[in-house]
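Here the structure comes first, spelled out in structure tokens, and everything after it is commentary.
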Amino acid sequence: GETEVIYDASDDRNLEAIELYIDSVFALRIPWNDDGSKPAVFLSLDTSLVQTKIGYYLIAYDENENSAISNEMTNLYVMPNYTPPENPSDLQITKLSDTVINLKWADNSENEDGFEVWRKDESTDYAIRQSLPPNTISANDTGLVPNRIYYYKIRAFHEYGYSESGEVSTEEEISLIEAPSELQATAFGTRWVRLTWQDNSDNELAFIIQRKIASGAEFSQIAALPPDTMRYDDRENLYASSSYTYRIAALGPQEQSDWSQEVTITTLSIDIVPPSDLEATYNADNNYVRLTWRDNSIYENETRIERKIGIAGSYSEIAAVEINIAAFTDSTVQRDTGYYYRVRAFVQDGLFSDYSNEAFIETK
65 GETEVIYDAS
75 DDRNLEAIEL
85 YIDSVFALRI
95 PWNDDGSKPA
105 VFLSLDTSLV
115 QTKIGYYLIA
125 YDENENSAIS
135 NEMTNLYVMP
145 NYTPPENPSD
155 LQITKLSDTV
165 INLKWADNSE
175 NEDGFEVWRK
185 DESTDYAIRQ
195 SLPPNTISAN
205 DTGLVPNRIY
215 YYKIRAFHEY
225 GYSESGEVST
235 EEEISLIEAP
245 SELQATAFGT
255 RWVRLTWQDN
265 SDNELAFIIQ
275 RKIASGAEFS
285 QIAALPPDTM
295 RYDDRENLYA
305 SSSYTYRIAA
315 LGPQEQSDWS
325 QEVTITTLSI
335 DIVPPSDLEA
345 TYNADNNYVR
355 LTWRDNSIYE
365 NETRIERKIG
375 IAGSYSEIAA
385 VEINIAAFTD
395 STVQRDTGYY
405 YRVRAFVQDG
415 LFSDYSNEAF
425 IETK
């Protein structure tokens, strides 16, 4: 390791520099300090000299390159450095994906044989994940579980010990956030695309949505949405019969998730106005529900009716009525049951309006 050489030097002229020789071989030259004080000189020995004997001396130079040599220190036995390595510091964690993070740290020692990466999570104790060669300052940890908090510590080691009793040098935590999935896009008009997705994380701070022209160009952000959002209507700067590609990511407390899969959608060539003013009435005597609505479109080939049972049910199509008909009788209902209804105009596969308002009726 490094050992400071204690010396003194003076001259009636300004001193210019001092040189160190080890075993009569030049090792280094250090300029004299500008303020006239002597510079520090360190004897730096590597492991190749362990268990050998060395000698060293200094030579001082004045501004005219006149020199004087010191006495020589001789027959010095080089011992192994039993001092543990210095602690690594400045540990930083960067998420690379849902299952991979990168660790970076500062190497503060010059005599380590390597580094150990230790990890734990909320349910396990610290255990060694990796043993790395000397001078390493970065490593990846793989196979992580999304939405789990992990703790890390890095310690340096050599054959005589570990940095500071193997305790944490720097500890950080990271919560991996899972990407949204099942992204779907539906065109409801010439300038209207609806996006829906599955929220797979419980710690997001926001969702960000990016869009690009499907034929090329770069993605650009079009929206930032609150946590737990799972739908977005894009009505900005869209054009009829044009294709667009979307992707979405979740933003967590420390990082962004991976991007969802990309979806491409083509806007409609015409705008199909959805039905409105949907109402449901119940005929208790004959046990049926009568639906009426306002037909606002001139393009539909039929209007399709959907129903779900109870607030937790799922909508399914129960009927379709021909063009310009704005009423339907549902005779398949059961008494003492709550029903929800919605309708939409249908032109052809892939070409339909948004849904009407939702109507609720209880059959009592």
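When you line the sequence shown up against the working numbering, it's residues 65 to 428, in that order. Where is the CB? At the ideal position from N, CA and C, for every residue including glycine. Being a predicted model, the structure only gives us computed values, none of them experimental.
Is Leu160 helix, strand or coil when you go by DSSP?
Residue numbering aside, residue 160 sits at position 96 when the sequence shown is read from its first letter. Here Leu160 sits in coil by DSSP.
Pairwise C-alpha distance: Glu242 and Val105:
Stepping through the sequence shown from its first residue, residue 105 is reached at position 41. Stepping through the sequence shown from its first residue, residue 242 is reached at position 178. Their backbone Cα atoms lie some 54 Å apart in a straight line.
Mapping DSSP to helix, strand and coil, what is Ser112?
As a working note, residue 112 is residue 48 in the sequence shown. Ser112 falls in the helix class under three-state DSSP.
Tell me the residue span of the beta strand (DSSP E) that contains Thr67.
If you number the sequence shown from 1, residue 67 lands on position 3. Element bounds for Thr67: Glu66 to Glu68.
Limits of the unbroken beta strand (DSSP E) element including Lys102:
The residue you call residue 102 lines up with position 38 of the sequence shown. Element bounds for Lys102: n/a, residue is neither H nor E.
Option in Asp162, Lys184, Glu186 and Arg399 with minimal Cα separation from Trp323
Position 259 of the sequence shown, counted from the first residue, corresponds to residue 323. Closest by alpha carbon: Asp162.
Span of the beta strand (DSSP E), counted from its first residue to its last, around Glu150
Stepping through the sequence shown from its first residue, residue 150 is reached at position 86. First-last for Glu150: undefined, no H or E at that position.
Bridge partners for Pro95 per DSSP, in chain order?
Counting from one through the sequence shown, the residue named residue 95 turns up at place 31. Its beta-bridge partners are Ala81.
Whether Glu386 touches Glu366 by CB criterion (8 Å)
Counting from one through the sequence shown, the residue named residue 386 turns up at place 322. Counting from one through the sequence shown, the residue named residue 366 turns up at place 302. Yes, they are a contact pair.
Tell me the start and end of each unbroken beta strand (DSSP E) in the stretch 168 to 230 that is at least 3 residues and wholly inside, in chain order.
178 to 185, 191 to 196, 202 to 205 and 213 to 222
Quick one: what's got a C-beta closer than 8 Å to Asn421's C-beta in the same chain, skipping five residues either side?
Locating residue 421 in the sequence shown gives position 357, where the first residue counts as 1. Excluding sequence neighbours, Asn421 sits near Ser340, Asp341, Leu342 and Arg406.
Where Tyr405 falls: helix, strand or coil (DSSP):
As a working mapping, residue 405 is identified with position 341 in the sequence shown. The answer is strand: DSSP assigns Tyr405 an E or B state.
Which term fits Arg399, buried or exposed, when burial requires 16 or more other beta carbons within 10 angstroms of its beta carbon?
Along the sequence shown, one-based indexing puts residue 399 at 335. Label assigned to Arg399: exposed.
Top-ranked residue by Cα proximity to Arg311, from Ala344, Leu113, Gly65 and Tyr296:
For this step, residue 311 is matched to residue 247 along the sequence shown. Looking at the Cα atoms, Tyr296 is the closest of the given residues.
In angstroms, rounded to a whole number, what distance separates the CA positions of Asn128 and Glu83?
Residue 128 sits at position 64 when you count from the first residue of the sequence shown. Residue 83 sits at position 19 when you count from the first residue of the sequence shown. Looking at the two C-alpha atoms, the distance is approximately 15 Å.
Can you give the beta carbon distance from Trp256 to Pro244, rounded, assuming they're within the 8 Å contact cut?
Walking along the sequence shown from the start, residue 256 turns up at place 192. Walking along the sequence shown from the start, residue 244 turns up at place 180. Not really, about 21 Å apart at Cβ, beyond 8 Å.
Between Thr116, Asn97, Gly374 and Pro149, which lies nearest to His222 when the distance is taken from Cα to Cα?
Residue 222 sits at position 158 when you count from the first residue of the sequence shown. Taking only the C-alpha atoms, the option nearest His222 is Pro149.
Closer than 6 Å by C-beta to Tyr404: which residues in its own chain qualify, once you throw out the five before and the five after it? Chain order, please.
If you number the sequence shown from 1, residue 404 lands on position 340. The residues are Lys372, Glu422 and Phe424.
First through last residue of the beta strand (DSSP E) which encompasses Phe271
Position 207 of the sequence shown, counted from the start, is the residue given in the question as residue 271. Phe271 -> beta strand (DSSP E) spans Ala270 to Ile277.
Which residues does DSSP list as the beta-bridge partners of Gln412?
Within the sequence shown, numbered from 1, the residue matching residue 412 stands at position 348. Answer is Leu415.
Check this for me: beta carbons of Ala249 and Leu259, under 8 Å apart or not?
Here residue 249 is taken as the residue at index 185 of the sequence shown, counted from 1. Here residue 259 is taken as the residue at index 195 of the sequence shown, counted from 1. Result yes, Cβ atoms of Ala249 and Leu259 sit closer than 8 Å.
Keeping to the same chain, check which residues put their C-beta closer than 6 Å to that of Leu92; ignore five residues upstream and five downstream.
In the sequence shown, residue 92 corresponds to position 28, counting from 1. Only Leu84 meet the Cβ criterion.
Going by the beta-carbon positions, is the gap between Ile133 and Ile118 smaller than 8 Å?
If you number the sequence shown from 1, residue 133 lands on position 69. If you number the sequence shown from 1, residue 118 lands on position 54. No.
Using the beta-carbon count (16 or more within 10 Å), is Arg299 buried or exposed?
Within the sequence shown, residue 299 is the residue found at index 235, counting from 1. Exposed: under 16 other Cβ atoms inside 10 Å.
Pull the bridge partners of Gln285 from the DSSP assignment, please.
For the purposes of this step, residue 285 is identified with residue 221 of the sequence shown, where counting begins at 1. Looking at the DSSP assignment, Gln285 forms a beta bridge with Gln274.
Using 10 angstroms around the beta-carbon of Asn347, count the other beta-carbons present and answer buried if the total reaches 16, otherwise exposed.
The residue given as residue 347 occupies position 283 in the sequence shown. Exposed.
Between Ile201 and Glu66, what straight-line distance do the alpha-carbon atoms span, to the nearest angstrom?
Sequence index remark: in the sequence shown, residue 201 carries index 137 (1-based). Sequence index remark: in the sequence shown, residue 66 carries index 2 (1-based). For Ile201 and Glu66, the distance between alpha carbons rounds to 22 Å.
With distances taken Cα to Cα, identify the nearest neighbour of Asn135 among Ile70, Tyr308, Gln285 and Arg358.
As a position in the sequence shown, residue 135 is number 71, starting the count at 1. Looking at the Cα atoms, Ile70 is the closest of the given residues.
Helix, strand or coil at Ser324 [DSSP, three-state]
Position 260 of the sequence shown, counted from the first residue, corresponds to residue 324. Note: Ser324 maps to coil in three-state DSSP.
Three-state secondary structure (DSSP) of Asn421:
Stepping through the sequence shown from its first residue, residue 421 is reached at position 357. Note: Asn421 maps to coil in three-state DSSP.
Could you check whether the Cβ of Leu240 sits closer than 8 Å to any Cβ belonging to chain D?
Absence of chain D from the displayed structure is noted, only one protein chain being present.
How would you call Pro338, buried or exposed, if buried means at least 16 neighbouring beta carbons within 10 angstroms?
Within the sequence shown, residue 338 is the residue found at index 274, counting from 1. Answer is buried; the Cβ neighbour count reaches 16.
Do you know how far the Cα of Phe179 is from the Cα of Glu282?
The residue given as residue 282 occupies position 218 in the sequence shown. The residue given as residue 179 occupies position 115 in the sequence shown. Their backbone Cα atoms lie some 41 Å apart in a straight line.
Within its chain, find whatever has a CB closer than 8 Å to the CB of Asp431; leave out the 5 residues flanking it on each side and keep chain order.
In the structure as shown, the chain begins at 65 and stops at 428. Residue 431 is therefore absent and cannot be evaluated.
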